[in-house]
Amino acid sequence: MKKDIMQHIAQQDNKSNSLKSALTNCMSLLESKSGSIFLFDTRRQELILKTASNSRKRCLRGVRQRLGEGISGLVASKRKSLLVKDISRDSRLRNRRRFNHYRTNSFLSVPLLAAGKLIGVININEKASGTAFTAKDLQLLSSISNYIANAIEQTRIYEESEKSKRQLNKFASVGKLVSGMAHELNNPLDGVIRYINLSLVGMGEDGLVREYLLNAKQGLNRIVSIIRSLLDFAQSSSPAFNRPIDINKAIEDSLLMMSHHIRSNNIKVLKQSNQQLPLVRDSGLKLVFTNIIKNACDAMPEKGTLKISTGMSNGYLEINFSNTGPGIPEEIQDRIFEPFFTTKQMGKGSGLGLAICYSIIQRHNGKIFLQQAKEKGASFTIQLPLNGLDQARGQ
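Residue numbers 7 to 401, in the numbering used here, belong to the letters of the sequence shown in order.
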């Protein structure tokens, strides 16, 4: 029967159908009248109801539950299965107010774990016969839950891989479209700017013509800045950018490069550095750090704090940049790494900074992602796999 359930999951064409199929089959196997599956949102650190069967109407898909709250929240926080034969008599659930909305007396709640990682929680409620669930039922559901969790995790990894491929294809298309034009555009633009500068020499401080020339120069400088960003991206994969570097030193160099903006914006920089980190190959990492620091400065135009930490965690070299700016609205967080997507005012940003960062980190087989800040602002984390750094250590 377990094999049949996994075949049903594998045959579904999307995650939603897979979860519904898994739940339906588990309910059938355990002769249950209702059930639900929550998945764990790692960014928000809470459970989200993804599918439910024969539940009350108010228990709608998308309902969120914090860790430690409710039955599913307790099971998720403790990573331990729960068998309740009679909720009214179970000493573990003495705080009846928290659970008095449950209409079932007996239920199973099992964490979905893949290699120790919390994926979600599956709940099976109400035996059709009216009897209580048994330890044998719990053992059976726990066994099946391992298959379900691994299937969900494999689907997630596949979807992330496909998303990365789509992003890289976007970058490749953009690169092919504009990198060939960049060098051709730089020379005539440089000439036009020189002529504008010559025209401004000796011209009075006031006058409409001077204003027009200065506006034209500002626009041309913006074009030059965009072209420079594209060239930096193209050059980041060249051998000159492939030398071993110290991460902490690279961050210091990036801070030095942005020191004027940091001072003028009255930004306080707090650093927590692990000095025992292995060397890594540059391959554009300095450009990544500089872009993130620049974005932090733009997000805090008057005053703020930038926290930077480096360390090692779970097989990754990890770098975190957190700022106390206004943060990034949830509705656009999935788009911030797209080329040319920007939230800045017209003329303030090209929308290439984070897109370039994303592509460079992908070259390192690493990850870059936005995390929900503990208080306010934005927090970017970069993870570089330690198993890919060995060659750089001894050079």
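Ideal placement from N, C-alpha and C gives every residue a C-beta, glycine not left out.
| Asked | Found |
| --- | --- |
| Tell me, to the nearest whole angstrom, how far the beta carbon of E4 is from that of S149; I am working on the premise that it is less than 8 Å. | Residue 4 cannot be examined here, being either before or after the span of the chain that is shown, 7 to 401. |
| If we ignore side chains and look at the alpha-carbon of each, how far apart do L88 and G79 end up? | 12 Å |
| Does the region 115 to 135 come close enough to the region 145 to 161 that 3 or more CB-CB pairs lie under 8 Å? | yes |
| Closest to P284 by C-alpha separation, out of A120, Y218, A256, would be which residue? | A256 |
| DSSP state of K91, grouped into three classes? | coil |
| Indicate the three-state DSSP secondary structure (helix, strand or coil) for S319 in the structure shown. | strand |
| Report the CB separation of T316 from I253 in whole angstroms; it is logged as a contact under 8 Å. | 6 Å |
| If you follow the beta strand (DSSP E) that I52 is part of, which residue opens it and which one closes it? | Contrary to the premise, residue 52 reads as Glu rather than Ile in this sequence. Looking at the DSSP string, the run of the beta strand (DSSP E) that includes E52 is 52 to 59. |
| Considering only C-alpha positions, which residue in the set N280, G333, K142, S83 is nearest to Q51? | S83 |
| Can you have a look at M187 and say buried or exposed, based on whether 16 or more other CB atoms are within 10 angstroms of its CB? | exposed |
| From L195 to S205, what distance separates their C-alpha atoms? | 15 Å |
| From A141, Y322, R341, pick the residue whose C-alpha is nearest to that of K373; which is it? | Y322 |
| Span of the beta strand (DSSP E) holding Q71? | 70 to 72 |
| According to the neighbour-count rule (16 or more other Cβ atoms, all chains shown, within 10 Å of its Cβ), is G353 buried or exposed? | Reliability of the predicted coordinates at G353 is poor, the pLDDT of 43 falling under 50, and no value is obtained from them. |
| Taking C-beta to C-beta, are V275 and I314 nearer than 9 Å? | yes |
| Sort N320, I299, S112 by Cα distance to S328 and report the nearest one. | I299 |
| With a threshold of 7 Å on Cβ separation, who are the neighbours of E306 within its own chain once the five nearest residues in sequence on each side are excluded? | Reading off the sequence shown, one finds Met at residue 306, where the question assumed Glu. Within the same chain, M306 has close Cβ partners N271, I273, N329, T330, G331. |
| Just curious, the beta strand (DSSP E) that T387 is in, first and last residue? | 384 to 391 |
| Can you round the beta-carbon distance between G383 and N297 to whole angstroms, since I take them to be within the 8 Å contact cut? | That belief does not hold up - the Cβ atoms of G383 and N297 are roughly 17 Å apart, past 8 Å. |
| In three-state DSSP terms, what is D47? | strand |
| From A28 to S42, what does the alpha carbon distance come to, in whole angstroms? | 10 Å |
| Let me know if V5 comes out buried or exposed under the rule of 16 or more other beta-carbons within 10 Å of its beta-carbon. | This structure cannot speak to residue 5, because the chain is shown only from 7 to 401. |
| Kindly give me the distance between the Cβ atoms of A138 and S115, rounded to whole angstroms, as I take these residues to be in contact under 8 Å. | The Cβ separation is near 14 Å, so there is no contact. |
| Per DSSP, E324 is paired with what? | G317, Q389 |
| Got a sec? Which residues, its chain only, sit under 7 Å from Q278 by beta carbon, not counting five neighbours each side? | S315 |
| So, for K91: in the same chain, excluding its five sequence neighbours on each side, which residues have a beta-carbon less than 6 Å away from its beta-carbon? | S112, A138 |
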